[in-house]
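Chains A and B, in that order, are what the protein sequence lines are. If you count by my numbering, then the first sequence holds residues 1 to 432, one letter each, in order. If you count by my numbering, then the second sequence holds residues 433 to 584, one letter each, in order. Below is one structure; the comments refer to it alone.
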Amino acid sequence: MKIILLTFFYLSTFAIDKNVSIGKYIKCYELFTDSSIPVNDEILMKIQSGVIDQFQACELLLKKSELSENYRLKNDKDKIAIKVLNRFQALHNSWFSSYLFDMQKDFPLTYKLLEQDAIATRFTMSLFSPQVNHSDILKGSKVVTGVRISSKKHETQKTSYKFIPIQEGELVGFQFAPSGINVFEEYVDHLFYPKKFKAKYDTNIGFGGGVLGLQSYILQNHGRVLGEKSDGGRKVFRKYSEQIVKDLTCRSLPVITGSAIKKYVDTKSSLSFVKKESCMNCHSTMDYMAGVFRSFEMIAYDNSGNSFATIYKHPESDHLAGNFITHETDVNYYKKPNWGRFIYQSLDNTIFDEEIRNLDDLGTSLSKVDEFYSCLAYRYYVFLTGDEIMFNEIYQKEKTEYDDLRKIINNFRKRQDSMSLLIDLVNSKYFK
Amino acid sequence: MAERLHWKNSNVILDNINRIFGERAFTIASKEILPNRRIFGGSCNYMSEVAKSKCYLGLSDTKIKSFSNEYLQREVVMRKICQIITSDSVIMNAYLKKNGKDLKNMYIEFFIDSIGLEKFIESVRAEYGDGELPLAQIVNSLCRSKRWQIYQ
Chain A
1 MKIILLTFFY LSTFAIDKNV SIGKYIKCYE LFTDSSIPVN DEILMKIQSG VIDQFQACEL
61 LLKKSELSEN YRLKNDKDKI AIKVLNRFQA LHNSWFSSYL FDMQKDFPLT YKLLEQDAIA
121 TRFTMSLFSP QVNHSDILKG SKVVTGVRIS SKKHETQKTS YKFIPIQEGE LVGFQFAPSG
181 INVFEEYVDH LFYPKKFKAK YDTNIGFGGG VLGLQSYILQ NHGRVLGEKS DGGRKVFRKY
241 SEQIVKDLTC RSLPVITGSA IKKYVDTKSS LSFVKKESCM NCHSTMDYMA GVFRSFEMIA
301 YDNSGNSFAT IYKHPESDHL AGNFITHETD VNYYKKPNWG RFIYQSLDNT IFDEEIRNLD
361 DLGTSLSKVD EFYSCLAYRY YVFLTGDEIM FNEIYQKEKT EYDDLRKIIN NFRKRQDSMS
421 LLIDLVNSKY FK
Chain B
433 MAERLHWKNS NVILDNINRI FGERAFTIAS KEILPNRRIF GGSCNYMSEV AKSKCYLGLS
493 DTKIKSFSNE YLQREVVMRK ICQIITSDSV IMNAYLKKNG KDLKNMYIEF FIDSIGLEKF
553 IESVRAEYGD GELPLAQIVN SLCRSKRWQI YQ
């Protein structure tokens, strides 16, 4: 008996009519809400009564979570709208591999002060807000935080210093984090032998370039140690550069090779990796990008064990301007004006070698790269289809099966609208 | 090119079990599935105090990809869950109370649509004729079937 029934189910898996009238919507529902569909689902009933078709139904489900002008859910009482918003926030968060704030055990309050899914927040806001373009993710110094509903009372944190902790609960929208409410005036630079410094900093302010300057995102990815200042030689924020390339363009270093990087090789340098072209394939992109992160330093409020860590940006000293990238150890490197280069070759073979003076410049450069758009399209494609193709395959012209995907990406780049991108993919031949 | 199967993730499977068998079965399945999220795919939400409890391994569970193609290990886990659920008299009594002994109801409960229903009924009747049906065994087979666990 068992054998007969199991054989039946095995065969039926492959014998299903692909043109079922509700199958595609059920798939949309389960993917977009991360839950099973109730038989009395309002949209499902509309399909069954012939009012709308499945494609319209999938679009309707997504549009339920559209944000108003103040970035809150238009339907903030609609449980499905809340589910969809939270589901996409969780999906976007799963794309970015780092989840630990550096030294989290020594500074546990970091999790009360900074949102661990801050980068995902910008992607979700861009998806559901008609006012936010995809390239806006890389602009500005405002920090976007979630507006969340919870049965817990939202209280000021009771420590030796006061701060407003982040909200927990179900996401119902977004807001720009108010500056001036979490401002601190001192910090330490070491866990065991701390020196105390006097300086004002606000954990609700970004350093420009949208997600690139989020204190939360930097703290998850910077790869340096507490109190370490960039010296322009071995100590620069190169791991952060590498992570940015990976997270925002779906690529791993090296992203440029060959003659384009020869001018960055210096055989006279005291640093071994600067002398070798093979090393500079990666170091040119990493180290020159890190030129605009030079003034960052990981700091902590104190070393009490009930404190937080964050990123401090040292003020620039103009009088130290001069040789911006030395590739030699320079104790004043972190004080010098931010300067770097964006060195990158995109998969459509465009070479970028652009001067950047801050994180907004870096954001502008990245937003000109085709992969910034195709990476998002690729991630949604994999999410919708379960087909884990290699990212590079999209760019292989001989793979004609991705012609439609390439057209969708081109449209997305022109329109900058990630919701239209998602809907185009749902309506494409790939989402069967 | 062989068509790949797109498996439903841990969250969707658990929610389906909850819908089909109720909360008791959901609790049983959660104990088996949540520690094995990576086999099933599907992340959890750490920012919500309610959803946080589903992050069995903590923050790292927020980074699990949205689905997984690891079907062999999944099948082992699902086999165990379905066996426990269909052997539990409280769950099965509630299930049969909801669906009666109607094969059609049982089928649609799992698959929502009725594609393949006739073949299913035919295969059951071919085996048992009009006699008494071993319902727990049939439900176990439905529970273990791939079809409700993949996107069509």
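Note that beta-carbon positions come from the ideal geometry of N, C-alpha and C, so glycine has one too.
Of all residues in the stretch 475-489 of chain B, the ones placed with a Cβ closer than 9 Å to any Cβ belonging to chain A are S475, C476, N477, Y478, M479, S480, E481, V482, A483, K484, in chain order.
Measuring C-alpha to C-alpha distances from B/L567 to each of B/Q515, B/G454, B/D545 identifies B/Q515 as the nearest. A straight line joining the alpha-carbon of A/Q167 with that of A/H92 spans about 19 Å. When the beta-carbon positions are compared, A/Y334 and A/S295 come within less than 7 Å of each other.
When the Cα atoms are used, A/A57 and A/G363 turn out to be separated by approximately 36 Å. For B/F543, the three-state secondary structure derived from DSSP is helix. Within the same chain, M286, D287, A290 come within 6 Å of A/R238 by CB-CB distance, once the 5 residues on both sides are set aside. The beta carbons of B/L446 and B/A461 sit closer together than 7 Å. Of the other Cβ atoms in all chains shown, fewer than 16 fall within 10 Å of the Cβ of B/R511; this residue is therefore exposed.
If you check the CB distance, A/V147 and A/Q175 come in under 7 Å. Contact between A/D353 and B/V444 does not hold, since their C-beta atoms are separated by about 46 Å, which reaches or exceeds 8 Å. The closest CA to that of B/C487, considering only B/Y503, B/C476, B/S555, is found on B/C476. At a cut-off of 7 Å between C-beta atoms, A/I26 counts as an interface residue with respect to chain B. Contact annotation for A/D117 against chain B: Y478, M479, T494 [CB-CB distance below 8 Å, chain order].
The beta carbon of B/D545 falls within 7 Å of a beta carbon belonging to chain A, placing the residue at that interface.
For A/V144, the enclosing beta strand (DSSP E) starts and ends at 144-149. Ranked by Cα distance from A/S65, the first of A/A81, A/A90, A/F431, A/V183 is A/A81. Remark: fewer than three beta-carbon pairs, one from each stretch, lie closer than 8 Å, so the stretch 466-483 of chain B and the stretch 523-533 of chain B are not flagged as touching. Collapsing the DSSP output to three states places A/D202 in a strand. Between A/D387 and A/I408, the gap from beta carbon to beta carbon reaches 7 Å or more.
Closer than 7 Å to the CB of B/D562 there is not a single CB belonging to chain A.
Secondary structure at A/T400: helix, using DSSP grouped into helix, strand and coil. DSSP places B/E455 inside the alpha helix (DSSP H), whose first and last residues are 455-465. Partner residues in the beta bridge of A/L171, as assigned by DSSP, are A/R148.
Interface criterion met: the Cβ of A/D34 is under 7 Å from a Cβ in chain B.
Here the alpha carbons of A/F273 and A/N281 stand approximately 10 Å from one another.
Here the C-alpha atom of A/K63 lies approximately 29 Å from the C-alpha atom of B/I547.
For A/G173, there are no neighbours in chain B by C-beta distance under 8 Å, as the nearest C-beta there is about 13 Å away. From the listed residues A/Y395, A/S21, A/G23, A/K27, the smallest Cα separation to A/F383 is found for A/K27. Around the beta carbon of A/P130, a 10 Å sphere encloses fewer than 16 other beta carbons of the protein chains shown; the residue is thus reported as exposed. Rounded to whole angstroms, the separation of the alpha carbons of A/S428 and A/V245 is 28 Å. With respect to the C-alpha of A/Q116, the residue from A/V172, A/P165, A/F55, A/C250 having the closest C-alpha is A/P165.
A/F352 sits in a strand when the DSSP states are folded into three classes.
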